[in-house]
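Okay, structure first, notes after.
Protein chains: 2
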Amino acid sequence: MESRIGRMCIERGLKMTGQRRVIARVLSEAQDHPDVEELYRRAATLDSRISVATVYRTVRLLEEKGILERRDFGGGRARYEATEEGDHYHLIDVETGKVIEFEDEEHAELIRRIARDLGFDLVSHRLELFARKRPAETKEAPPATPTARTGSRSKR
Amino acid sequence: MESRIGRMCIERGLKMTGQRRVIARVLSEAQDHPDVEELYRRAATLDSRISVATVYRTVRLLEEKGILERRDFGGGRARYEATEEGDHYHLIDVETGKVIEFEDEEHAELIRRIARDLGFDLVSHRLELFARKRPAETKEAPPATPTARTGSRSKR
DNA sequence: ATAGCTGCAAAAACTTTGCGCCCTC
DNA sequence: GAGGGCGCAAAGTTTTTGCAGCTAT
């Protein structure tokens, strides 16, 4: 009955209003990285009594509580996704704008080491790759590597 | 007589107005990552006939020409730095907001490999670490590692 | 009961743009 | 001289906020 993010709100003692429940549900079900406008659109579909201002206030609150993470993929507006265990990164297809998520333990380790070497403790970090799909091979068979699907997670 | 970035503008056939020359000089001399407001302040000191609109137009133009790179370190406003050879990254001190630059060839290689494994050719990328200065050791001597200075470059 | 949310609309913060004059090539 | 750049101010975007009423705890 309560969405995953809704439960996290309750755990942290947030007051659960109707609006908040709806926004939490939209966020829990999102497989992508919606901006505020898009969140508002989806939330308004479920309950038209929601205003954009509330969406702004809510994502801000949830970000402060560590439930959400704000992303910047270029294009001016902030985009959001639920905080998950384990770091993951984003590859943005510069042709289509599609975002592919992936994990990489080697990378996670490397940057912890870099921060330590500079005399810091890592608080958080971000990595975004902007890339272009490599044209398929003409002579060899197409690459066998299973391509990560948008919204899913590619483990390495 | 002409600043480094001024020369790059000329190479690319840009018309060199007085304002552009001043902005190019400010950018050439910047050791940090100023936002538009700060660039405007510095430029206006050298020549008060400059408007913010021109600064916006100029950084946009120079970014399109590949002379400048736009950064987002959180805090809402875009920040700029001259494009340089070789990738480098940023560590932002979450307490002070200071930005430390560093290079890391191992990291550069790793992400090229990641992009390739996902079936893409890397176009560009970004990495930002948010970290907190590690408290000095109480028993041992302070860490001998030479800490990178703000604005300079720490090679690894 | 009451601290905290909400909608609405105004405003703030950042960036772009239309227009007529001016300058560089 | 001609195409492009400039200042100014107006407008566009995205996000925040004041206020009066409403609600979850």
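Listed in order, the protein sequences are those of chains C and D. What the first sequence shows, in our numbering, is residues -5 to 150, in sequence order. What the second sequence shows, in our numbering, is residues -5 to 150, in sequence order. Backbone N, C-alpha and C fix where the C-beta goes; we use that ideal spot for every residue, glycine too.
If residue i sits next to residue j, beta carbons under 8 Å apart, how far is it from one beta carbon to the other, in whole angstroms?
i	j	result
R19/C	G0/C	7 Å
G113/D	K127/C	6 Å
Y83/D	L121/D	4 Å
V30/C	V16/C	Wrong, their Cβ atoms sit about 14 Å apart, outside the cutoff.
I61/C	Q13/C	So it is not a contact: roughly 16 Å between Cβ atoms.
V117/C	V88/D	5 Å
H27/D	R65/D	6 Å
T48/D	E63/D	Contact doesn't hold; Cβ gap of about 20 Å is too wide.
L123/D	I86/C	So it is not a contact: roughly 20 Å between Cβ atoms.
DSSP state of residue i, grouped into three classes?
i	result
D97/C	The question names Asp, but residue 97/C in the sequence shown is Glu. E97/C falls in the coil class under three-state DSSP.
V54/D	Here residue 54/D is Arg; the residue named in the question, Val, does not match the sequence. Looking at R54/D - three-state DSSP - the assignment turns out to be helix.
R6/D	coil
D111/C	helix
E78/D	coil
I17/D	helix
R(-2)/C	helix
E89/D	coil
S45/D	coil
A24/D	coil
A37/D	helix
H128/D	Here residue 128/D is Arg; the residue named in the question, His, does not match the sequence. R128/D falls in the coil class under three-state DSSP.
R106/C	helix
Within 10 angstroms of its Cβ, does residue i collect 16 or more other Cβ (buried), or is it exposed?
i	result
E94/C	Here the sequence assigns Ile to residue 94/C, which means Glu is not the residue at that position. Answer is buried; the Cβ neighbour count reaches 16.
D98/C	buried
R155/D	Because chain D in this structure spans residues -5 to 150, residue 155/D falls outside the shown range and cannot be described.
A125/D	buried
L40/D	exposed
A37/D	buried
T90/C	exposed
I4/D	exposed
A109/C	buried
T139/C	Low confidence applies to T139/C: its pLDDT is 44, below 50, so where it sits in the model is not reliable, and the reading given next is rough at best. Per the 10 Å Cβ criterion, exposed.
T11/C	exposed
S146/D	Caution is warranted here: a pLDDT of 45 is assigned to S146/D, below 50, making its placement in the model unreliable, and the coordinate value is therefore given only provisionally. Label assigned to S146/D: exposed.
Closer than 9 Å, Cβ to any Cβ of chain C: which residues of the segment 29 to 60 of chain D, in chain order? none
Below 9 Å between beta carbons is the criterion; list the residues of the segment 9 to 21 of chain C that meet it against any residue of chain D, in chain order. none
Residues from the segment 60 to 80 of chain C in contact with chain D, defined by Cβ distance under 7 Å: D66
Taking a Cβ distance cut-off of 9 Å, strictly less, list which residues of the segment 104 to 121 of chain D are near chain C, in chain order. L104, I105, I108, A109, R110, D111, L112, G113, F114, D115, L116, V117, S118, H119, R120 and L121
Selection of the segment 88 to 100 of chain C by Cβ proximity to chain D, strictly under 8 Å: V88, I94, F96, D98 and E100
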